[in-house]
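Heads up: the structure comes next, in structure tokens.
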Amino acid sequence: MYNTIKVYNFQLIGDIKGFPIEIVRKMLERQREQIGTTDIRSFQKNRAIGRNDELFGDTILGKSIIIKGFTWEDTVEGQSFWDDVILSRQFDKFFEKYPRLKDKKKESLLYKFLNKRHLVQKFEKNVWNCYHRVQCDEKLLHDWSFKQKYMYNRFYHNFKQTDQHIVRAFTWCDTAEGYNFWSIIDTKWRKLLKSK
2 MYNTIKVYNF QLIGDIKGFP IEIVRKMLER QREQIGTTDI RSFQKNRAIG
52 RNDELFGDTI LGKSIIIKGF TWEDTVEGQS FWDDVILSRQ FDKFFEKYPR
102 LKDKKKESLL YKFLNKRHLV QKFEKNVWNC YHRVQCDEKL LHDWSFKQKY
152 MYNRFYHNFK QTDQHIVRAF TWCDTAEGYN FWSIIDTKWR KLLKSK
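Each residue of the sequence shown is one higher than the last, beginning at 2 in our numbering.
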């Protein structure tokens, strides 16, 4: 699992000036998925650069560096999504799909614990799958904003019994990772709580 990509306001220059950090971070994630590395300079020079396009960046020891982007149609979001977000600057379309979470989620001890171990996505996926099997209205299945709010309210903010966060989140043996994996994570979580 990769570390979270850091993007800073001072990097939002050139062709991505005025872009929200969250969008640039997602662009860099897609770039990394497709070419195995990130280079924000590619988007600074041409926000629409594809995986097969090449730009020559800064030189190191007199040699130009080839920088590339990502191919929009090969992403889970698809071509039209990135056309709207990147070319047309319809940033609201991005935040409809990936809503901004409340700052409190970032402050949540559970979120920090899972994020440090690169487990946020696995945890949320398993919680969501368990929730969907049990009680979800079919209309909510593809509503990512509902999923995010559910995760936030249930586990990162309102769930009062902190020692039960992981053990009660979903059935461990029903996950791809399996019972032993989540048992180890739960033990680490409980040790962290005792040390606080």
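Every residue gets a Cβ at the ideal spot worked out from N, C-alpha and C, and that includes glycine.
Compare the Cα-Cα distances from E23 to each of I6, N130 and I36 and report the closest residue. I6
Assign K106 to buried or exposed, taking buried as 16 or more other Cβ atoms, counted over all protein chains shown, within 10 Å of its Cβ. Unreliable placement is indicated for K106, whose pLDDT of 45 sits below 50; no coordinate value is reported for it.
For a minimum of 4 consecutive residues, which ranges assigned as the alpha helix (DSSP H) are wholly contained in the region 66–126? The alpha helix (DSSP H) runs lying completely inside the region 66–126 and spanning 4 residues or more are 80–83, 92–98, 104–108 and 110–117, given in chain order.
At least 3 beta-carbon pairs within less than 8 Å: the region 171–180 vs the region 80–96: no
Do the CB positions of R118 and I186 come within less than 9 Å of each other? yes
Hey, out of R191, Y180 and F11, whose CA is closest to L110's CA? R191
May I ask you to report which of helix, strand or coil DSSP gives V128? helix
Rounded to whole angstroms, what's the CA-CA distance from E74 to G37? Just pull it up for me. 17 Å
Neighbourhood of D85 by C-beta, 6 Å cutoff - its chain only, sequence neighbours within 5 removed: Q91 and K94
Does the beta-carbon of Y112 have 16 or more other beta-carbons within 10 angstroms, so that it is buried, or is it exposed? buried
Roughly how many angstroms separate the alpha carbons of E125 and N10, rounded to a whole number? 28 Å
Could you give the distance in angstroms between the alpha-carbon of F20 and the alpha-carbon of S196? For F20 and S196, the distance between alpha carbons rounds to 41 Å.
Just to check my reading of the structure: Q45 and G15 have Cβ atoms closer than 8 Å, yes? What is that Cβ distance to the nearest angstrom? About 4 Å separates the two Cβ atoms, so the contact holds.
Mind reading off the beta-carbon distance from T39 to R33? Whole number of angstroms is fine, and I expect it under 8 Å. 5 Å
Just checking: is the beta-carbon of Y112 within a distance shorter than 9 Å of some beta-carbon in chain B? Within the model displayed, chain B is absent; a lone protein chain is all it includes.
Just checking my contact of V8 with R31 at CB under 8 Å: how many whole Å lie between their CB atoms? Wrong, their Cβ atoms sit about 13 Å apart, outside the cutoff.
When we look at the beta-carbon of V77 and count the other beta-carbons within 10 Å, is it buried (16 or more) or exposed? Counting Cβ neighbours within 10 Å, V77 comes out exposed, since fewer than 16 surround it.
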